[in-house]
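First the structure, in the form of structure tokens, and then the observations on it.
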Amino acid sequence: MVEDFSEMHGDGGRVVSRTQDSSVGAAPSAHARNAGTDKRTLRVRVDAGLRLAAGDVPPKMVEGLCRALSLPNPAYWKLVRLRKRPGAEPQTLSFFRQAERELVLPRGSIHLLRRAANEAGLTLSFEDARVLPPKRLPKLPEVSLRDYQADAVERLAKATQGTAVLPCGAG
1 MVEDFSEMHG
11 DGGRVVSRTQ
21 DSSVGAAPSA
31 HARNAGTDKR
41 TLRVRVDAGL
51 RLAAGDVPPK
61 MVEGLCRALS
71 LPNPAYWKLV
81 RLRKRPGAEP
91 QTLSFFRQAE
101 RELVLPRGSI
111 HLLRRAANEA
121 GLTLSFEDAR
131 VLPPKRLPKL
141 PEVSLRDYQA
151 DAVERLAKAT
161 QGTAVLPCGA
171 G
């Protein structure tokens, strides 16, 4: 079972359970059409990254994603500014990987992928291939939290992934 989460907002939404999807491991395909809107559906496999079949992604969308996920390398520019030879230091840092048949994006770039798919007239369908621990942790003792800690815990519990950044001494 693969669900369409292209309309969800927030942290990227939840993805369906691996046990519910009989096609886990199959190559993502964009040939499916969404019956209601006649938009092409692009399958995204979620594991340590977001994996898309490179042949199914429009070239302009690939170009836009790659441009957005490439940043100037501060170490390179520091060496240039100091008039030192940069050597093997890359001029840009690329936070994606493009192999022969797939494009791999960081999981945190879900919002960027959604925006690009929307602009290209595609809907996204997510397939969960994350490796989850087989058992849950034992119940921890009840600890009273301060207001700001409780807010942070509540927001993290609602999210699929994320990090809480609190100042020193926040507990």
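When we follow the UniProt record's numbering, the leftmost residue of the sequence shown carries the number 1, and every step to the right adds one.
Glycine residues also receive a C-beta, built at the ideal position from the N, C-alpha and C atoms.
With distance defined between alpha-carbon atoms, name the residue in the options nearest to residue i.
i: Val165; options: Gln149, Lys158 and Ala157; result: Gln149
i: residue 200; options: Glu102, Leu140, Leu103 and Ala68; result: The question about residue 200 has no answer, for the chain in this structure spans 1 to 171.
i: Arg146; options: Ala99, Gly169, Pro72 and Phe126; result: Gly169
i: Gln161; options: Leu82, Leu71 and Arg107; result: Arg107
i: Arg101; options: Trp77, Pro167, Gly55 and Ala157; result: Gly55
Using 10 angstroms around the beta-carbon of residue i, count the other beta-carbons present and answer buried if the total reaches 16, otherwise exposed.
i: Gly49; result: buried
i: Glu127; result: buried
i: Ala109; result: Here the sequence assigns Ser to residue 109, which means Ala is not the residue at that position. Burial call: buried.
For residue i, name the three-state secondary structure that DSSP assigns.
i: Met8; result: Residue confidence for Met8 is low, a pLDDT of 39 falling below 50, so the modelled location carries little weight; the figure read from the coordinates is stated next. DSSP places Met8 in coil when its eight states are reduced to three.
i: Val62; result: helix
i: Leu82; result: coil
i: Ser144; result: coil
i: Glu119; result: helix
i: Ala164; result: coil
i: residue 183; result: The requested residue 183 does not occur in the structure, where the chain is confined to residues 1 to 171.
i: Leu103; result: strand
i: Arg130; result: coil
Assuming residue i and residue j form a contact by the criterion Cβ under 8 Å, report the distance between their Cβ atoms to the nearest whole angstrom.
i: residue 172; j: Val46; result: Residue 172 lies beyond the range of the chain shown here (1 to 171); nothing can be said about it.
Would you tell me roughly how many angstroms separate the C-alpha atoms of residue i and residue j, rounded to the nearest one?
i: Ser125; j: Thr163; result: 25 Å
i: Leu42; j: Leu122; result: 7 Å
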